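Undergrad:
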Amino acid sequence: MSEVIDELVEREYAFGFHSDIETEYVPKGLSEEVVRLISAKKEEPEWLLEWRLAAFRHFMTMTEPTWGNVHHAPIDYQDMYYWAAPKPKGPAPKSLDEVDPEIRATFDKLGISLAEQERLSGVAVDAIIDSVSVATTFKAKLAEVGVIFCSFSEAVREHPELVRAHLGTVVPPRDNFFAALNSAVFSDGSFCYIPAGVACPMELSTYFRINAKESGQFERTLIVAEEGSTVSYLEGCTAPMRDENQLHAAVVELIAKDDASIKYSTVQNWYPGDAEGKGGIYNFVTKRGRAGARAKISWTQVETGSAITWKYPSVILQGDDSVGEFYSVAVSTNLQQADTGTKMIHIGRNTSSTIVSKGISAGRAQNTYRGQVKVLRSAVGARNHTRCDSLLIGSECGAHTFPYVEVKNDSAAVEHEASTSKISEDQLFYCRQRGLTEEDATSMIVNGFCREVFDELPMEYAVEAQALMRLSLEGAVG
Amino acid sequence: MSAVATSDADLVERLIAGATGTTPRAERGRAWLAANGLPTERDEAWRYTPVRDITAALATAVAAGTEATGVTRDLVDELAGDLGGPRLVLINGALAPELSDLTDRGAGLAGLWVGGGDELRARGSGGPYTGTAEPADGFQALNWVAGVDAAVVLIEAGNAIDAPIHVVHLATPGQMVALSHPRTVIKVGAGGRAQVVESFVGIDATADGRAITNSSTRIVVDDDAELTYQRVLNEPDTTLHIGRVGVVQRTRSQLHATAVATGGAVVRTAVHVNLTGERARADLGGLYLPTGHQRHDNVITVDHSASYCESNQNFTGIVGDHGRGSFSGHVIVRPGTVGTDANQSNPNLVLASTAQADTRPWLEIFADDVKCAHGATVGRLDEEAAFYLRSRGIPAAQARAMLVAAFASTALDRLSPDTLRERVASVVEVRTADTTANLETPS
Chain A
22 MSEVIDELVE
32 REYAFGFHSD
42 IETEYVPKGL
52 SEEVVRLISA
62 KKEEPEWLLE
72 WRLAAFRHFM
82 TMTEPTWGNV
92 HHAPIDYQDM
102 YYWAAPKPKG
112 PAPKSLDEVD
122 PEIRATFDKL
132 GISLAEQERL
142 SGVAVDAIID
152 SVSVATTFKA
162 KLAEVGVIFC
172 SFSEAVREHP
182 ELVRAHLGTV
192 VPPRDNFFAA
202 LNSAVFSDGS
212 FCYIPAGVAC
222 PMELSTYFRI
232 NAKESGQFER
242 TLIVAEEGST
252 VSYLEGCTAP
262 MRDENQLHAA
272 VVELIAKDDA
282 SIKYSTVQNW
292 YPGDAEGKGG
302 IYNFVTKRGR
312 AGARAKISWT
322 QVETGSAITW
332 KYPSVILQGD
342 DSVGEFYSVA
352 VSTNLQQADT
362 GTKMIHIGRN
372 TSSTIVSKGI
382 SAGRAQNTYR
392 GQVKVLRSAV
402 GARNHTRCDS
412 LLIGSECGAH
422 TFPYVEVKND
432 SAAVEHEAST
442 SKISEDQLFY
452 CRQRGLTEED
462 ATSMIVNGFC
472 REVFDELPME
482 YAVEAQALMR
492 LSLEGAVG
Chain B
176 MSAVATSDAD
186 LVERLIAGAT
196 GTTPRAERGR
206 AWLAANGLPT
216 ERDEAWRYTP
226 VRDITAALAT
236 AVAAGTEATG
246 VTRDLVDELA
256 GDLGGPRLVL
266 INGALAPELS
276 DLTDRGAGLA
286 GLWVGGGDEL
296 RARGSGGPYT
306 GTAEPADGFQ
316 ALNWVAGVDA
326 AVVLIEAGNA
336 IDAPIHVVHL
346 ATPGQMVALS
356 HPRTVIKVGA
366 GGRAQVVESF
376 VGIDATADGR
386 AITNSSTRIV
396 VDDDAELTYQ
406 RVLNEPDTTL
416 HIGRVGVVQR
426 TRSQLHATAV
436 ATGGAVVRTA
446 VHVNLTGERA
456 RADLGGLYLP
466 TGHQRHDNVI
476 TVDHSASYCE
486 SNQNFTGIVG
496 DHGRGSFSGH
506 VIVRPGTVGT
516 DANQSNPNLV
526 LASTAQADTR
536 PWLEIFADDV
546 KCAHGATVGR
556 LDEEAAFYLR
566 SRGIPAAQAR
576 AMLVAAFAST
586 ALDRLSPDTL
596 RERVASVVEV
606 RTADTTANLE
616 TPS
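So the sequences go chain by chain: A and B. With my numbering, the residue at position 439 of the first sequence is 460, and numbering never jumps. With my numbering, the residue at position 252 of the second sequence is 427, and numbering never jumps.
Right, dumping it as structure tokens:
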């Protein structure tokens, strides 16, 4: 058994390579000048610059939150780059063929060849290397039904009225420390608009990729689903190996208008740092959705990467009969720290929410579920069911569950249940006496433990997630 | 810890101005207060306690007098009951020997010492407080600094005391906002066994007078000892009560603790159990029942710092009218421990659309050989069950009262002796009758 653990501990980060793309930097540090420079480089309209500056000024009055169950060396916000973009070699690419071959090769190494995906999988990929979208596929096909799926900067140029009407309405720039930071310096991201009554004909996907050394990445995603529309959005990440810690502070805003449905799936596999906890991504993300009447927002996440994960995808159930869902698998090994969960704010009548959270801790990792279910007085007939389970692998790891349930309405029915345990010896024994190796048995049990969540993932992600899980936990069982 | 607000520092200064305690514990409390001050609602453990209301009331508070003027045995019997065993009565935190029934109560009390802290200190034993622990929060520090006496219950090693030992804390605010700091120390020696009931009651305040009770109870259950501890909080609806129970359990010790809160304007019950010896077992339960505009907050922590320990938390909340009931359960399993079994359960019944229930069942686990589970629910009365009862000819109001009583019974059945259970059950019945009568009849 121990050699398997050793193997795991020594396992190199499979996606830890660094491609040489010339990067264009804005000087290190954060100041009003930097904010103006970023805005200028992106040729943004005046209102957006003002918006950034307001966020920046507010950010300067805030202090970093300390309530998270994560510990790290202080982050020096002045000692990092807030802008890094792949240097264009000539005019912007008009098709995949024109994309920088280096970038193409990077994606190939990650196994997400755009060409392959374009031809075979029917998934539109808005791939992001560092801060600027380099290629968007299937745009024409989406345009046919009126779906807008483009990079954030493009959306600001092409559809300023849509961006302006929705930006910051779910996660206001002053929402929290990291959201304010993001609002001030966000580099790029994805924008997605589904017109009323349209069911998006394909699953939309973005691959995030941190590439340039010491560049924090501040993505901003905005998805607007008009009345009666439906969309499924996939987000996945891998990042190359680094020694310095890298900061990632993204903001994702979802707006599901009446009768709309948004499904947002994430597979997060940022570089987690080495076995000694050196390096790795600090992932401080604000994700929130607002659901109108009869609308549905569903978050599914598989979190295996990052040295620190600080992330609480939430749903504001504003409209009557709206539905919020949160399905999460968070795996932490070595010295990773994950503090993740959700917030369900019930405002409308007969709103319902479901939370399923599975935390897996191995090595010396700390895994925390932190969730809030809030039922306001107006939320007559609100329902919530929360299930959060933790699995511990090894005696030096920790699993913590910090739920908050606040109910201000007598017609609400709220249930919370949770359990924490190690893998049952009985289950292991049973599998082994059926001829499975300990490792296969463990993998099988862990996959069973996570099944409820994997079932929520789109097909191609479910496969990736299972592989990722196996890779992350390989042999970590004794 | 949050920084001390200037106004708070002044407040603390004023509250401890008259305190003359010079014990090491009082000194530690003083130092702690100077450094940290009183908690605020921004402190996680105080999130659901209306600290601002308490500090606002403290602004005009004076130290409660300790004379038993006007308090008779009959009054104590009426408010707290007579359980038949030894009874210690404290008025605003000071022992009232003339109202107490000490060791003259019945036979079988060998090995029991009951009395005041000052009395114990006078006997040269060094006083009831030993150890070098720091205060858990500003209010406990305040208690250490400004408390006047303590109720002490000592059970010598190897002795089993069958009669229930009753500690009654009576608050008599008179015309003022009167602050008192009742203290209780309970020690059960190795292999000993005892049952202690701690009652907090008060005399209905006059128009201007109200009591602020800042209590601290310290319990040590030594190796192989067993303690049944019951805490009954039934103070007048104007009282603010900040209470803390700190328990240390040694090897193979057992604790069965129950806390029932029915009275008070604000009642905070913080219980902290440290399982320091292997195979210790803590079974904690209780009921809180805020109606009217009451706030009941329960902060229950069990710290598994030794292996093979078992703990249960089973707290029931019933909230009515504009009441708000909160439960913050916290199980900590320390690194390096094995064989831990911990459970938490917090069902809540909401009787009115204006009532509020909060629950935070927390698990903080640093070891893998554990079996931990928690469950919490918030909901209203089961309409189907009410319908079933009504279909059997039981009037709606009575059917609802029966269901509420059934919901409360898990907690009430923990109480003993029977006289205590009946006493508390009747209070619960009266309190919930008021709220269930207000419920609309289902259409």
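C-beta: ideal position from N, C-alpha, C; glycine also. Owing to the predicted nature of the structure, the values given are computational and were not obtained by experimental measurement.
Does A/M465 come out as helix, strand or coil in the three-state DSSP assignment?
TA: Three-state DSSP puts A/M465 in a helix.
Undergrad: Please go through the same chain and pick out, in chain order, the residues whose beta-carbon is closer than 6 angstroms to the beta-carbon of B/G500, but skip the five residues on each side of it.
TA: Within the same chain, B/G500 has close Cβ partners Y463, P465, H471, G492, V494 and A532.
Undergrad: Tell me the DSSP secondary structure of A/T307 in three-state form.
TA: If DSSP states are grouped into helix, strand and coil, A/T307 belongs with the strands.
Undergrad: A/E182 bridges to which residues according to DSSP?
TA: Partner(s): none; A/E182 has no beta bridge.
Undergrad: Kindly give me the distance between the Cβ atoms of B/Q429 and B/E401, rounded to whole angstroms, as I take these residues to be in contact under 8 angstroms.
TA: With a Cβ gap of about 4 angstroms, B/Q429 and B/E401 count as contacting.
Undergrad: Could you tell me whether any Cβ in chain A is nearer than 8 angstroms to the Cβ of B/F541?
TA: By this cut-off, B/F541 is an interface position.
Undergrad: Just mark A/G340 as buried or exposed, buried being the case when its beta carbon has 16 or more other beta carbons within 10 Å.
TA: Classification for A/G340: buried.
Undergrad: Can you name, in chain order, every residue of its own chain whose Cβ lies under 6 angstroms from the Cβ of B/K362, other than the five neighbours on each side?
TA: Same-chain partners within the cutoff: L329 and V395.
Undergrad: Kindly indicate if chain A contains any beta-carbon less than 8 angstroms away from that of B/S528.
TA: True, the Cβ-Cβ gap to chain A drops below 8 angstroms.
Undergrad: If you drop the 5 nearest sequence neighbours on each side, which residues of the same chain put their C-beta closer than 8 angstroms to that of A/Q99?
TA: Only K49, G50 and L51 meet the Cβ criterion.
Undergrad: From which residue to which residue does the beta strand (DSSP E) around B/D293 run?
TA: B/D293 -> not in any beta strand (DSSP E); alpha helix (DSSP H) instead, spanning G292 to A297.
Undergrad: Decide if B/W207 is buried, meaning its Cβ has at least 16 other Cβ atoms within 10 Å, or exposed.
TA: B/W207 should be labelled buried.
Undergrad: On the three-pair Cβ rule with 8 angstroms, is the region 431 to 444 of chain B touching the region 216 to 234 of chain B?
TA: In short, these stretches touch, since the Cβ pair count reaches three.
Undergrad: Leaving aside the five residues before and after A/L163 along the sequence, list all residues of the same chain whose C-beta is less than 6 angstroms from its C-beta, in chain order.
TA: So the list reads F170, once near-sequence residues are dropped.
Undergrad: Do B/A574 and B/L590 have their C-beta atoms closer together than 8 angstroms?
TA: It is not a contact, given that the beta carbons lie outside the stated cut-off.
Undergrad: Express the C-alpha separation of A/K278 and A/P334 in angstroms, rounding to a whole number.
TA: Answer to the nearest angstrom: the Cα atoms are 18 angstroms apart.
Undergrad: Applying the criterion that 16 or more other CB atoms from any shown protein chain within 10 Å of the CB defines a buried residue, is A/M480 buried or exposed?
TA: It counts as exposed.
Undergrad: Using only the alpha-carbon positions, how far apart do A/F450 and A/A328 sit?
TA: If I take the Cα positions, the gap works out to 33 angstroms.
Undergrad: What do you reckon, are the CB atoms on A/T190 and A/I318 nearer than 8 angstroms?
TA: Not a contact, by the Cβ cut-off of 8 angstroms.
Undergrad: Any contact of the region 316 to 329 of chain B with the region 260 to 278 of chain B, i.e. 3+ C-beta pairs under 8 angstroms?
TA: Yes: at least three Cβ pairs fall under 8 angstroms.
Undergrad: Can a CB atom of chain A be found closer than 8 angstroms to the CB of B/G467?
TA: With 8 angstroms as the cut-off, B/G467 does not count as an interface residue toward chain A.
Undergrad: Could you spell out the range, first to last residue, of the alpha helix (DSSP H) harbouring A/K160?
TA: Its alpha helix (DSSP H) spans residues K160 to E165.
Undergrad: The beta strand (DSSP E) with B/T132 in it runs from where to where?
TA: The question about residue 132 of chain B has no answer here: the residues shown for chain B are numbered 176 through 618.
Undergrad: Locate the beta strand (DSSP E) running through B/A457, then write down its first and last residues.
TA: Residues R456 to Y463.
Undergrad: When burial is assigned at 16 or more other CB atoms within 10 Å of the CB, is A/M490 buried or exposed?
TA: Buried: at least 16 other Cβ atoms inside 10 Å.
Undergrad: Would you report the Cα separation of A/G362 and B/D293, rounded to the nearest angstrom?
TA: Answer to the nearest angstrom: the Cα atoms are 51 angstroms apart.
Undergrad: Roughly how many angstroms separate the alpha carbons of A/N355 and B/R606, rounded to a whole number?
TA: Straight-line Cα distance between these residues: approximately 54 angstroms.
Undergrad: According to DSSP, simplified to helix, strand and coil, what is B/C484?
TA: Note: B/C484 maps to coil in three-state DSSP.
Undergrad: According to the neighbour-count rule (16 or more other Cβ atoms, all chains shown, within 10 Å of its Cβ), is B/E615 buried or exposed?
TA: The predicted model places B/E615 with a pLDDT of 48, which falls under 50 and marks its position as unreliable; any figure quoted below should be read in that light. Label assigned to B/E615: exposed.
Undergrad: Apart from the five residues on each side of it in sequence, which residues of its chain come closer than 6 angstroms, Cβ to Cβ, to A/E240?
TA: If we look at A/E240 and ignore the five residues flanking it on each side, its Cβ neighbours are G210 and A271.
Undergrad: Below 8 angstroms CB to CB, which residues in the same chain sit around B/I242 once its five sequence neighbours on both sides are set aside?
TA: Residue identity check: residue 242 of chain B is Glu in the sequence provided, not Ile. So the list reads I266, once near-sequence residues are dropped.
Undergrad: Could you check whether the Cβ of A/M365 sits closer than 7 angstroms to any heavy atom belonging to the ligand ATP?
TA: By its list of ligands, the structure shown contains no ligand whatsoever, and the ligand ATP lies outside what it can speak to.
Undergrad: Helix, strand or coil, according to DSSP, for B/Q429 in the structure here?
TA: B/Q429 falls in the strand class under three-state DSSP.
Undergrad: Could you say which of A/A486, A/Q322, A/H180 and A/N468 lies nearest to A/V245 if we only look at CA atoms?
TA: For A/V245, the nearest C-alpha among the options comes from A/H180.
Undergrad: Who are the Cβ neighbours of A/D410 in its own chain at under 6 angstroms, not counting the five residues just before and after it?
TA: Closer than 6 angstroms at the Cβ level, and outside the excluded window around A/D410, lie K379 and S440.
Undergrad: Is A/E477 helix, strand or coil by DSSP?
TA: Residue state, collapsed to three classes: coil.
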